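Encoded as structure tokens, the structure appears first; notes follow it.
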Amino acid sequence: DMPADVRRQFDQAMAALPDKDGDGIPDILQGNLGGFEFEMMDASQTAEKRLQALQQLYEKKLITEAEYQTKRNEILRQL
Numbered sequence: 189d190m191p192a193d194v195r196r197q198f199d200q201a202m203a204a205l206p207d208k209d210g211d212g213i214p215d216i217l218q219g220n221l222g223g224f225e226f227e228m229m230d231a232s233q234t235a236e237k238r239l240q241a242l243q244q245l246y247e248k249k250l251i252t253e254a255e256y257q258t259k260r261n262e263i264l265r266q267l
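The letter at position 22 of the sequence shown is residue 210 when you use this note's numbering, and the numbering goes up by one with no holes.
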């Protein structure tokens, strides 16, 4: 479990990011860019960006290793 101060920071970060499907993973990490226009990328580039963002969340201890592995595997399956 996360220390209270880390949990508070995590909750604040998650509250700032849209999560329309309510699965606890910000939409931006799931490829849902919320209507923003970004340059077109092929699937491998998009997956790379998502994996980098996911890794950063894990390194900052904002998600657990289990959450990291689950989401990582989901991203890789989409390739």
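The C-beta atom is built at its ideal place from N, Cα and C for all residues, glycine as well. All figures in this text were calculated on a predicted structure; none of them were measured in a lab.
- I213 and R238 do not touch by the CB rule: their CB atoms are close to 10 Å apart, not below 8 Å.
- Counting the other CB atoms within 10 Å of its CB gives K208 a total below 16, which places it among the exposed residues.
- For K259, the enclosing alpha helix (DSSP H) stretches over residues E253 to R265.
- DSSP places K248 in the coil class of the three-state scheme, outside both helix and strand.
- Closest in C-alpha terms to Q257, from the list A235, Y246 and Q266, comes Y246.
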